[in-house]
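*Asks:* Have a look at this one.
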Amino acid sequence: MNMLSEDDSLSVRSTVRPVEYPEDDWLALSGVQHYEFCKRQWALIHIEQLWTDNARTVAGDLEHKRAHDYSASEKRGDTLILRDLRVFSKMLGVVGDCDIVEFQASEDGVQLHGRKGKWLPYPVEYKYGTSKTNNADRLQLCGQAMCLEEMLSCHIDEGALFYQRTKRRERVEFSEELRAQVVNAFADMHELFQRGYTPTVKNQRGCSNCSLKDLCLPELMKAKTQSARAYIDSIVAGALEEDLR
Amino acid sequence: MRQMLNTLFVTTESAYLSLENENVVVSDGDKAVAKVPLRSIESILCFSYKGASPALLGKCCEFGVSVSFYSPRGRYLCSILGESNRNVLLRRKQFVLADDASACSSIAASFVIGKIYNSRWVLERATRDHALQVNVERLKRQSSILASALKEIKNCDNAESVRGIEGQAAKTYFYAFDDLILNNKDDFYFERRTRRPPQDRMNALLSFVYVLLSGDCKAALQGVGLDPYVGFLHADRPGRASLSLDLVEELRPALADRFAISLVNTKAISPNQFEVRENGGVYLNDAGRKVVLAAWQKRRNEQITHPFLREKIPWGMVPYVQALLLARYIRGDIDAYPPFFWK
Ligand code: SF4
Numbered sequence: 030m031n032m033l034s035e036d037d038s039l040s041v042r043s044t045v046r047p048v049e050y051p052e053d054d055w056l057a058l059s060g061v062q063h064y065e066f067c068k069r070q071w072a073l074i075h076i077e078q079l080w081t082d083n084a085r086t087v088a089g090d091l092e093h094k095r096a097h098d099y100s101a102s103e104k105r106g107d108t109l110i111l112r113d114l115r116v117f118s119k120m121l122g123v124v125g126d127c128d129i130v131e132f133q134a135s136e137d138g139v140q141l142h143g144r145k146g147k148w149l150p151y152p153v154e155y156k157y158g159t160s161k162t163n164n165a166d167r168l169q170l171c172g173q174a175m176c177l178e179e180m181l182s183c184h185i186d187e188g189a190l191f192y193q194r195t196k197r198r199e200r201v202e203f204s205e206e207l208r209a210q211v212v213n214a215f216a217d218m219h220e221l222f223q224r225g226y227t228p229t230v231k232n233q234r235g236c237s238n239c240s241l242k243d244l245c246l247p248e249l250m251k252a253k254t255q256s257a258r259a260y261i262d263s264i265v266a267g268a269l270e271e272d273l274r
Numbered sequence: 011m012r013q014m015l016n017t018l019f020v021t022t023e024s025a026y027l028s029l030e031n032e033n034v035v036v037s038d039g040d041k042a043v044a045k046v047p048l049r050s051i052e053s054i055l056c057f058s059y060k061g062a063s064p065a066l067l068g069k070c071c072e073f074g075v076s077v078s079f080y081s082p083r084g085r086y087l088c089s090i091l092g093e094s095n096r097n098v099l100l101r102r103k104q105f106v107l108a109d110d111a112s113a114c115s116s117i118a119a120s121f122v123i124g125k126i127y128n129s130r131w132v133l134e135r136a137t138r139d140h141a142l143q144v145n146v147e148r149l150k151r152q153s154s155i156l157a158s159a160l161k162e163i164k165n166c167d168n169a170e171s172v173r174g175i176e177g178q179a180a181k182t183y184f185y186a187f188d189d190l191i192l193n194n195k196d197d198f199y200f201e202r203r204t205r206r207p208p209q210d211r212m213n214a215l216l217s218f219v220y221v222l223l224s225g226d227c228k229a230a231l232q233g234v235g236l237d238p239y240v241g242f243l244h245a246d247r248p249g250r251a252s253l254s255l256d257l258v259e260e261l262r263p264a265l266a267d268r269f270a271i272s273l274v275n276t277k278a279i280s281p282n283q284f285e286v287r288e289n290g291g292v293y294l295n296d297a298g299r300k301v302v303l304a305a306w307q308k309r310r311n312e313q314i315t316h317p318f319l320r321e322k323i324p325w326g327m328v329p330y331v332q333a334l335l336l337a338r339y340i341r342g343d344i345d346a347y348p349p350f351f352w353k
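Just so you know, the protein sequences line up as chains A and B, in that order. Okay, so the first sequence: first residue is 30 according to my numbering, each after it adds one. Okay, so the second sequence: first residue is 11 according to my numbering, each after it adds one.
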């Protein structure tokens with residue numbers, strides 16, 4: 030998956046990235062899913078703050094409810110289950126929530142405030158629907174893991190995605206390659222965010238089931254309607270011609 | 011394209027709106043007269059003095075249902091719409107363009123080109139559809155003056171002269187407007203546009219329909235995150251929703267004027283559905299307003315093909331689509347603002 034090559038807007042990406050992003054500049058971690066799906070969609074939602082709460086996201090929210098309840102955190106045997114845990118990373122400049130982080134009691138683990146023993150974190154993200162073909166969910170999960178690593182000074186090898194529709198847990202290994210993609214994606218998002226730049230429409234197949242299509246107007250890309258100026262001129266010219274007849 | 015849901019019109023003067031679960035309940039006195047699920051509507055137009063409960067308004071904001079209040083006689087009071095001011099970069103860009111003379115003149119020209127083009131086709135249509143009843147010669151003459159106004163705008167490089175041409179064109183158009191009225195000529199006639207107050211039935215009807223169109227335009231602009239008070243054609247004036255007025259201009263002939271004329275020509279509205287007040291002002295009465303609102307809702311659901319996007323949309327969506335195109339132009343996605351051309 031090549032995330033960086035297609036967008037002209039990224040060509041001016043600065044080579045100097047901050048070591049740490051100030052809190053005010055943190056982006057929503059979950060935005061990486063939008064970004065991976067379509068850079069413009071991410072910009073419309075996060076930069077332009079356009080968001081239509083369509084039926085699909087409402088349904089998603091309802092199913093999400095249970096996972097998102099910090100007070101429902103519990104301990105089961107050797108596993109400590111924390112729900113709805115807020116995580117952040119200064120290096121990535123992101124903040125978000127983990128649906129569930131399972132901590133396994135382990136000698137290799139880290140100490141947690143108010144808990145005896147040592148624990149190894151294992152993030153689990155609940156997803157509406159079924160496993161996707163794109164990398165979006167994996168990137169988000171990996172981003173969460175990187176946050177946890179930074180917060181707890183530890184290393185996390187893997188986590189899991191749980192798909193509600195299929196009730197399947199999918200293991201995700203946090204490879205170097207995946208981590209690099211996360212780093213690059215957020216660096217590019219910060220760059221776009223700072224410039225307040227919304228990438229132009231790239232006609233893609235995803236447009237037809239994109240929840241932002243009515244605000245994005247992918248039709249603007251259709252070859253014939255691309256220049257509004259030419260369109261206006263031709264209509265006016267036509268009107269004058271009719272008059273001559 | 012986005013689905014257009016229904017509008018709830020509340021015309022009973024004494025009605026009060028409240029929330030029950032996720033429904034809007036319309037009550038008159040102690041009696042609940044209607045109950046409508048909020049999910050099934052996208053706006054509420056309330057012509058009642060009693061208004062609505064804060065709980066309902068809060069829920070409407072949450073659901074993205076806009077609520078507009080009018081006096082029972084149709085004077086616009088206010089509207090509410092959920093969080094729509096988040097797109098701060100868009101508004102900043104809008105203000106920057108509004109301060110830039112050349113950008114202003116180009117956007118203003120788009121609005122006026124749209125207005126003149128559409129005015130002209132209102133006249134042209136009448137010569138085709140009613141050749142035997144109308145003064146074809148006069149309509150053709152006015153139409154050709156409008157055509158040359160279009161040519162003039164092309165050479166305009168400042169908003170001031172665009173405004174000048176617009177004013178002339180409006181006169182040219184209204185000069186032939188009376189020709190469009192085919193029925194009840196004793197009761198419905200048009201000499202000139204009077205607004206404060208409207209002095210004849212046709213003006214009363216036009217005024218009421220313009221209020222409806224303006225409300226739609228303002229909600230549309232707010233809905234896409236633009237500031238309806240900062241315009242390009244209409245200069246800033248405290249309290250004036252200049253950008254709404256800009257957008258109204260291009261839509262007026264095709265959406266409002268034709269609609270008003272058709273109410274008269276099809277005899278959907280009758281002379282006794284108006285009242286005359288002490289100041290000589292003429293207004294629709296209760297029955298008249300009901301007729302207009304019902305017809306307006308019906309018209310809003312009629313499908314048209316948007317000439318630029320080439321997509322079928324209900325005409326009630328036209329203000330929204332134009333607002334969106336303007337927003338996308340301001341954000342740099344297209345190289346000009348394409349007005350809505352009707353033919
Ligand atoms: S409609 Fe297409 S281009 Fe627009 S945001 Fe959605 S996926 Fe991206």
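Glycine residues also receive a C-beta, built at the ideal position from the N, C-alpha and C atoms.
Considering only the beta carbon of each residue, do valine 240/B and phenylalanine 105/B sit closer than 7 Å?
*Replies:* The residue given as residue 240/B occupies position 230 in the second sequence. The residue given as residue 105/B occupies position 95 in the second sequence. Yes. Within cutoff.
*Asks:* I'd like to check one pair, leucine 207/A with glutamine 61/A: are the Cβ atoms closer than 7 Å?
*Replies:* As a position in the first sequence, residue 61/A is number 32, starting the count at 1. As a position in the first sequence, residue 207/A is number 178, starting the count at 1. The sequence shown places valine at residue 61/A, not glutamine. No, Cβ-Cβ distance for valine 61/A and leucine 207/A is not below 7 Å.
*Asks:* Taking Cβ-Cβ distances below 7 Å as the criterion, which residues of the segment 92 to 120 of chain B are in contact with chain A?
*Replies:* Those would be Arg96, Asn97, Leu99, Leu100 and Ser120, in chain order.
*Asks:* Please report the distance separating the alpha-carbon of glycine 89/A from that of arginine 194/A.
*Replies:* Translated into positions along the first sequence, residue 89/A becomes position 60. Translated into positions along the first sequence, residue 194/A becomes position 165. With a pLDDT of only 46 at glycine 89/A, under 50, the local geometry of the prediction cannot be trusted, and the value read off the model is given with reservation. Approximately 11 Å, taken between the alpha carbons.
*Asks:* Using a Cβ-based criterion (distance less than 6 Å to any ligand heavy atom), does proline 247/A qualify as near the ligand SF4?
*Replies:* The sequence position of residue 247/A within the first sequence is 218, counting from 1. Look at proline 247/A: its beta carbon is less than 6 Å from one of the heavy atoms in the ligand SF4.
*Asks:* How is alanine 88/A classed by DSSP in three states: helix, strand or coil?
*Replies:* On the first sequence, position 59 is the one that residue 88/A refers to. In this prediction, alanine 88/A scores a pLDDT of 42, lower than 50, which makes its location untrustworthy; no coordinate-derived value is stated.
*Asks:* Work out the CA separation of tyrosine 127/B and proline 263/B for me, nearest whole Å.
*Replies:* For the purposes of this step, residue 263/B is taken as the residue at position 253 of the second sequence. For the purposes of this step, residue 127/B is taken as the residue at position 117 of the second sequence. Straight across, the Cα-Cα distance linking proline 263/B with tyrosine 127/B is about 9 Å.
*Asks:* What are the partner residues of aspartate 126/A, as DSSP defines its beta bridges?
*Replies:* Taking the first residue of the first sequence as position 1, residue 126/A is located at position 97. For aspartate 126/A, which the question treats as bridged, DSSP gives the partners Arg115/A.
*Asks:* Going by other Cβ atoms of all chains shown within 10 Å of its Cβ, with 16 needed for buried, is glutamate 260/B buried or exposed?
*Replies:* Taking the second sequence and counting its residues from 1, one reaches residue 260/B at position 250. Its Cβ being crowded by 16 or more others within 10 Å, glutamate 260/B is buried.
*Asks:* Which whole-angstrom value describes the C-beta separation of asparagine 275/B and asparagine 193/B, a residue pair presumed to lie in contact below a C-beta threshold of 8 Å?
*Replies:* Mapped onto the second sequence, residue 275/B falls at position 265. Mapped onto the second sequence, residue 193/B falls at position 183. Right, the Cβ-Cβ distance comes to about 5 Å (below 8 Å), so this counts as a contact.
*Asks:* Using a threshold of 7 Å, state whether the C-beta atoms of methionine 218/A and tyrosine 64/A are closer than that.
*Replies:* Mapped onto the first sequence, residue 218/A falls at position 189. Mapped onto the first sequence, residue 64/A falls at position 35. The answer is yes: Cβ separation under 7 Å.
*Asks:* Alpha carbon to alpha carbon, how far is glycine 244/B from serine 37/B?
*Replies:* Translated into positions along the second sequence, residue 244/B becomes position 234. Translated into positions along the second sequence, residue 37/B becomes position 27. Glycine is not the amino acid found at residue 244/B; the sequence shown has histidine there. Near 40 Å, if we compare the C-alpha coordinates of serine 37/B and histidine 244/B.
*Asks:* Considering only residues of the same chain and omitting the five flanking positions on each side of valine 35/B, which have a CB-CB separation below 6 Å?
*Replies:* Looking up residue 35/B in the second sequence gives position 25. Cβ within range, chain order: Ser28, Ala42 and Lys45.
*Asks:* Please go through the same chain and pick out, in chain order, the residues whose beta-carbon is closer than 8 Å to the beta-carbon of arginine 102/B, but skip the five residues on each side of it.
*Replies:* One-based indexing of the second sequence puts residue 102/B at position 92. Cβ neighbours of arginine 102/B within its own chain (closer than 8 Å, five residues either side excluded): none.
*Asks:* At what residue ranges does the segment 165 to 243 of chain A contain a whole run of the alpha helix (DSSP H), taking only runs of 4 or more?
*Replies:* 165 to 181 and 205 to 224
*Asks:* I need the straight-line Cα distance from tyrosine 26/B to asparagine 311/B, nearest angstrom please.
*Replies:* As a first step, residue 26/B must be located in the second sequence, where it is residue number 16. As a first step, residue 311/B must be located in the second sequence, where it is residue number 301. The straight-line gap from Cα to Cα measures roughly 27 Å.
*Asks:* Where do the ends of the beta strand (DSSP E) carrying threonine 21/B lie?
*Replies:* Mapped onto the second sequence, residue 21/B falls at position 11. Taken as a continuous stretch (DSSP letters only), threonine 21/B belongs to no beta strand (DSSP E), as it is neither H nor E.
*Asks:* Can you find the residues in the same chain that come closer than 8 Å, C-beta to C-beta, to tryptophan 131/B, ignoring five residues on each side of it along the sequence?
*Replies:* Along the second sequence, read from residue 1 onward, the residue named residue 131/B stands at position 121. If we look at tryptophan 131/B and ignore the five residues flanking it on each side, its Cβ neighbours are Pro263, Ala264, Trp352 and Lys353.
*Asks:* Mapping DSSP to helix, strand and coil, what is serine 89/B?
*Replies:* Walking along the second sequence from the start, residue 89/B turns up at place 79. Strand, per DSSP.
*Asks:* Which same chain residues, not among the five before or five after threonine 204/B, have their C-beta less than 6 Å away from its C-beta?
*Replies:* The residue labelled residue 204/B in the question sits at position 194 within the second sequence. The answer, listed in chain order, is Asn213.
*Asks:* Does any residue of chain A have a CB that is nearer than 7 Å to the CB of leucine 319/B?
*Replies:* As a first step, residue 319/B is located in the second sequence; it is residue number 309 there, counting from the start. So, interface residue.
*Asks:* For the beta strand (DSSP E) that contains valine 34/B, what are its first and last residues?
*Replies:* As a first step, residue 34/B must be located in the second sequence, where it is residue number 24. Start and end: 33 to 38.
*Asks:* Taking only the alpha-carbon atoms, compute the straight-line gap between leucine 149/A and glycine 188/A and give it to the nearest angstrom.
*Replies:* Taking the first sequence and counting its residues from 1, one reaches residue 149/A at position 120. Taking the first sequence and counting its residues from 1, one reaches residue 188/A at position 159. Taking the straight line joining both Cα atoms gives about 11 Å.
*Asks:* For histidine 316/B, which beta-bridge partners are listed by DSSP?
*Replies:* The sequence position of residue 316/B within the second sequence is 306, counting from 1. Answer by DSSP bridge pairing, in chain order: Glu321/B.
*Asks:* To be precise: take each residue of the segment 214 to 238 of chain B, compare its Cβ to all Cβ atoms of chain E, and keep it if any distance is under 8 Å. Which residues remain?
*Replies:* No chain E is present in this structure, whose protein chains are A and B.
*Asks:* Listing by chain order, which chain A residues have their CB less than 7 Å from the CB of proline 348/B?
*Replies:* To locate residue 348/B, count along the second sequence from 1; it is residue 338. Simply Ala257, Tyr260 and Ile261.
*Asks:* Report the rounded CA-to-CA distance for serine 59/A versus tryptophan 325/B, giving the unit in angstroms.
*Replies:* Within the first sequence, numbered from 1, the residue matching residue 59/A stands at position 30. Within the second sequence, numbered from 1, the residue matching residue 325/B stands at position 315. So the alpha carbons of these two residues sit roughly 37 Å apart.
*Asks:* Below 6 Å, is the gap between the Cβ of arginine 69/A and the nearest heavy atom of the ligand SF4?
*Replies:* The count along the first sequence starts at 1 and reaches residue 69/A at position 40. Yes, since a heavy atom of the ligand SF4 falls inside the 6 Å radius drawn around the Cβ of arginine 69/A.
*Asks:* Considering valine 46/B, what are the terminal residues of the beta strand (DSSP E) in which it resides?
*Replies:* Numbered from its first residue, the second sequence carries residue 46/B at position 36. Start and end: 41 to 47.
*Asks:* Against chain A, which members of the segment 180 to 194 of chain B pass a CB distance test of less than 9 Å?
*Replies:* none
*Asks:* Checking the sheet assignment: what are the DSSP bridge partners for alanine 62/B?
*Replies:* If you number the second sequence from 1, residue 62/B lands on position 52. Alanine 62/B pairs with Leu27/B.
*Asks:* Assign arginine 85/B to one of two classes, buried (16 or more other C-beta atoms within 10 Å of its C-beta) or exposed (fewer than that).
*Replies:* Residue mapping note: residue 85/B aligns to position 75 of the second sequence, counting from 1. Under the 10 Å beta carbon count, arginine 85/B is surrounded by fewer than 16 other beta carbons and is classified as exposed.
*Asks:* Whether or not the segment 297 to 309 of chain B and the segment 63 to 72 of chain B are in contact is what I'm after, with contact meaning three or more pairs of Cβ atoms, one per stretch, closer than 8 Å; do they touch?
*Replies:* Result no; under three Cβ-Cβ pairs closer than 8 Å.
*Asks:* Suppose you measure from the CA of serine 120/B to the CA of histidine 316/B; what does that come to, to the nearest Å?
*Replies:* Position 110 of the second sequence, counting from 1, holds the residue named residue 120/B. Position 306 of the second sequence, counting from 1, holds the residue named residue 316/B. Computed Cα separation, rounded: 16 Å.
*Asks:* Can you tell me the Cα-Cα spacing of arginine 105/A and phenylalanine 191/A, whole angstroms?
*Replies:* Indexing the first sequence from 1 puts residue 105/A at position 76. Indexing the first sequence from 1 puts residue 191/A at position 162. Using only the alpha carbons, I get a separation of about 19 Å.
*Asks:* Under DSSP, the alpha helix (DSSP H) around serine 120/B begins and ends at which residues?
*Replies:* Taking the first residue of the second sequence as 1, we reach residue 120/B at position 110. 111 to 139 is the extent of the alpha helix (DSSP H) around serine 120/B.
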